[in-house]
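Sequential numbering from 45 applies to the sequence shown in the working numbering.
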Amino acid sequence: ELTKVFTVFKKHSAKFNRDNYLACALLVTLGVRKSELCCAKWEEFELDKALWHLPEGRSKTGAPITIPLPEQVLAWLNELSMRACGSDYVFPARRASKKPHMGDDTLNRAISSMFGHEAGRKIQPSNLMGDIKPFSPHDLRRTFRSLAASQGVSGHVAERCLNHKLKGVEGIYDRHDYLEERKEAHEKIANLLEPIIDK
Numbered sequence: 045e046l047t048k049v050f051t052v053f054k055k056h057s058a059k060f061n062r063d064n065y066l067a068c069a070l071l072v073t074l075g076v077r078k079s080e081l082c083c084a085k086w087e088e089f090e091l092d093k094a095l096w097h098l099p100e101g102r103s104k105t106g107a108p109i110t111i112p113l114p115e116q117v118l119a120w121l122n123e124l125s126m127r128a129c130g131s132d133y134v135f136p137a138r139r140a141s142k143k144p145h146m147g148d149d150t151l152n153r154a155i156s157s158m159f160g161h162e163a164g165r166k167i168q169p170s171n172l173m174g175d176i177k178p179f180s181p182h183d184l185r186r187t188f189r190s191l192a193a194s195q196g197v198s199g200h201v202a203e204r205c206l207n208h209k210l211k212g213v214e215g216i217y218d219r220h221d222y223l224e225e226r227k228e229a230h231e232k233i234a235n236l237l238e239p240i241i242d243k
């Protein structure tokens, strides 16, 4: 399904632009939340160290986290840096907007349009996705979790990749951040997805 989805996205780049394509690639490779990615600032990244420092208050849990970045992600971010034309944001707003970065519903609308649904249009476009079931950006995060399990990533490591707090006794006593283990997990996912996303 991912192969088909990214193939359709790329084939219809006039409708599903490169920023949206790379945003989806980052969501499924890093497992971050759409809200964390869409308003990310370049100052949060240490690209020379392959790290993204998501600051306190920017995630759903409120807790900061450092996200290790595979080399494929660094290549996408370097492209986005050129596309950002000096903006403070990884995904600057491309239209007049109250927000200086990609809107909260931009990706949702872009994906929906590929399925033949566009809000506010009387005549809806055709469904370009065929038999693929409609999905949202959040489903890409779920896909990351499934892919992590398929690649043998331990549950507690995958949960930390998603920036979930560990529950129960484990959450109370286990304060280890699993940075190296998360780096390995993200690399496994990136290597798995690279032929699909970068083809």
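Glycine included, C-beta positions come from ideal geometry on N, C-alpha and C.
Check, Outcome
"C-beta atoms of Asn152 and Ser170 nearer than 8 Å", "no"
"Anticipated Cβ contact below 8 Å, Leu74 with Leu124, distance rounded", "Contact flag wrong, Cβ pair sits at about 13 Å."
"His145: first and last residue of the uninterrupted alpha helix (DSSP H) it sits in", "Per DSSP, His145 belongs to no alpha helix (DSSP H) and is neither H nor E."
"Burial state of Lys243 (16 or more Cβ within 10 Å)", "exposed"
"Closest residue to Ala234 among Lys48, Trp120 and Asp149 (Cα-Cα distance)", "Trp120"
"Cβ contact check for the region 83-95 and the region 189-207: 3 or more pairs under 8 Å", "no"
"Cβ pair count under 8 Å reaching 3, the region 125-136 against the region 153-166", "no"
"Status (buried if at least 16 other CB within 10 Å, exposed otherwise) for Asn122", "exposed"
"Sequence ranges, alpha helix (DSSP H) only - wholly within the region 62-99, length at least 4", "62-74 and 78-82"
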